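full-length UniProt numbering puts the sequence shown at residues 1 to 389. Think of the CB as a built atom: it goes at the ideal place given N, C-alpha and C, for glycine as much as any other residue. Every value quoted in this text rests on a predicted model; they were computed, and no experiment measured them.
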Amino acid sequence: MIRLATLLPGDWTDEICCTLRSAQLELHPEYTALSYAWGSANVTRTIWLNQQRFPVTVNLAAALRRLRKADTEVTLWADAICINQANHMERTAQVKLMRRIFEGASEVVLDLGETQDQRHGSMRAYMEPKPASNIFSFEESEIALVASFKERYLSGTIFCLLRSLADPRQMEDLPEITESMGNPPVTRFQRALFESLRLMMRCRWWNRMWTIQEVIVPNYLKVVYGSSVAPWKMFVEAAKHWRVLSSCLPREHTNVLKLFARVVLDIDQMRETWSQGSQTTLLPLLRQFSDRGATDDRDRVYALLSLPDYSIHTAKVFENTVLNIIHTTGSLDVLSLDVGRKNRQDLPSWVPDWTATIDQVDRRRSLSFNVHRATLQSKIGRESGSLRH
């Protein structure tokens, strides 16, 4: 049993009003699941939930405003509304259902948050939330929208760039891109364009642990950034073709494109693995996503397993994780990690600190360094909570 929220109709500036109802996942209700980064819990906005005032983070309030329709109700699932966060027993029970919740959604909305306004010259200057106005469907008919992008320097511009990159044949028809890319010195437009892309990749969503599972399991996924909306497929195709522009860009801009491509394709590779029913063990996931964060350190493991128990101390969770990996894989590869790099001081010497980022050197070393490999090759399967069919 889960709760679903009904987002009542309203104009853009109206107060946000929701009602809650219970639903059974076994009956396959239709709903939109929201994947977002909470943001600061110290700065909140007030919505109406079951006719009671209810505080939510700024990010969630903006996401709800963008999801709301003027004349029809929207059924959705958002963790801060649909789970009683103050009740640890309920939280544990509901988190166990997270994979099923996102897998069963009609669509999942990946909300990156608000754009950052370069005109203010500050990383903290965010644009006010606006209704969706740049809506991409990844269809041929969008060429007119793409061709006009030079006049927009923020999120709309970035989505137009990605739309063009997703179908490199269109690049030849867009002198606004190609002419500025090939002629040094770097133009003001080019600098603004790639600064906007860099800022988009700094959105907190990309660094949160829980968002991995939320976007790996759904069938249909769309991305919202400020007033722009596009299918995840457009991001993937753009990431696959990033080298189309790399030869005519300065290094700093090429690095931004490479970062975008790596992050997007890492996620999409996991989506492919999941959709094909292939096995995925826990240790590679912990290594691959070690640079992601979580408010609760235990969620660095729980976000990948969906088997939470918040009554267990963090150090014990990390210790149990190592023992579980050894038992289920029949290998001691987990001990090849640098156990000396620790943020936490309450861990046994042999237990890796899953809050410490694993750098590229350690990742390569751990892949090539086989330690006392045992013969048992069982995997952490879906029956024990990992990302496996």
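Who are the near neighbours of residue i in its chain, counting only those whose CB is closer than 7 Å to its CB and skipping five residues on each side?
i	result
Arg-198	Val-256
Asn-59	Tyr-36, Ala-37, Trp-38, Gly-39, Gly-113
Ala-238	Leu-162, Leu-165, Ala-166
Met-123	Its pLDDT being 37, under 50, Met-123 is placed unreliably by the model, and the measurement read from it follows with that caveat. The residues are Gln-116.
Glu-319	Pro-348, Val-351
Lys-69	Pro-9
Phe-235	Leu-162, Val-223, Val-264
Ile-326	Leu-332, Val-334
Glu-103	Val-217, Pro-218
So, is residue i buried or exposed, given that buried needs 16 or more other C-beta atoms within 10 angstroms?
i	result
Val-56	buried
His-253	buried
Ile-312	exposed
Ser-228	buried
Asn-42	exposed
Gly-277	exposed
Tyr-220	exposed
Thr-46	exposed
Gln-85	exposed
Asp-111	buried
Asn-343	exposed
Asn-87	exposed
Asn-50	exposed
So what does DSSP say about residue i, is it helix, strand or coil?
i	result
Lys-258	helix
Ser-22	strand
Cys-95	Going by the sequence as given, residue 95 is Val instead of Cys. DSSP places Val-95 in helix when its eight states are reduced to three.
Leu-245	helix
Trp-354	coil
Trp-274	helix
Ser-106	coil
Asp-333	helix
Glu-15	coil
Ser-164	helix
His-372	With a pLDDT of only 35 at His-372, under the threshold of 50, the placement of this residue in the model should not be trusted, and no figure is reported.
Glu-30	coil
Gly-10	coil
Asn-324	helix
Kindly examine the ligand SAH and report whether one of its heavy atoms sits closer than 8 Å to the Cβ of residue i.
i	result
Gln-85	Questions concerning the ligand SAH fall outside what the structure shown contains, since it holds no ligand whatsoever.
Per DSSP, which residues does residue i bridge with? Please list them.
i	result
Tyr-36	Asp-111
Pro-231	Lys-222
residue 444	Look at the range of the chain in this structure, 1 to 389, and you will see that residue 444 is not part of it.
Ala-5	Leu-20, Leu-76
Beta-carbon within less than 8 Å of residue i's beta-carbon, same chain only, minus the 5 sequence neighbours each way: which residues are those?
i	result
Ile-267	Ile-212, Val-215, Ile-216
Ala-105	Tyr-31, Thr-32, Ala-33, Trp-77, Pro-218
Leu-67	Leu-7, Thr-32, Leu-34, Val-74, Leu-76, Val-109
Trp-48	Glu-15, Ile-16, Cys-17, Cys-18, Phe-54
Met-201	Val-256, Leu-259, Phe-260, Val-263
Which same chain residues, not among the five before or five after residue i, have their C-beta less than 6 Å away from its C-beta?
i	result
Ala-61	Arg-45
Pro-168	His-241, Val-244
Ser-271	According to the sequence shown, residue 271 is Arg rather than Ser. Contacts found: Ile-216.
*Between the segment 2-16 and the segment 77-89, are three or more C-beta pairs nearer than 8 Å?*
yes
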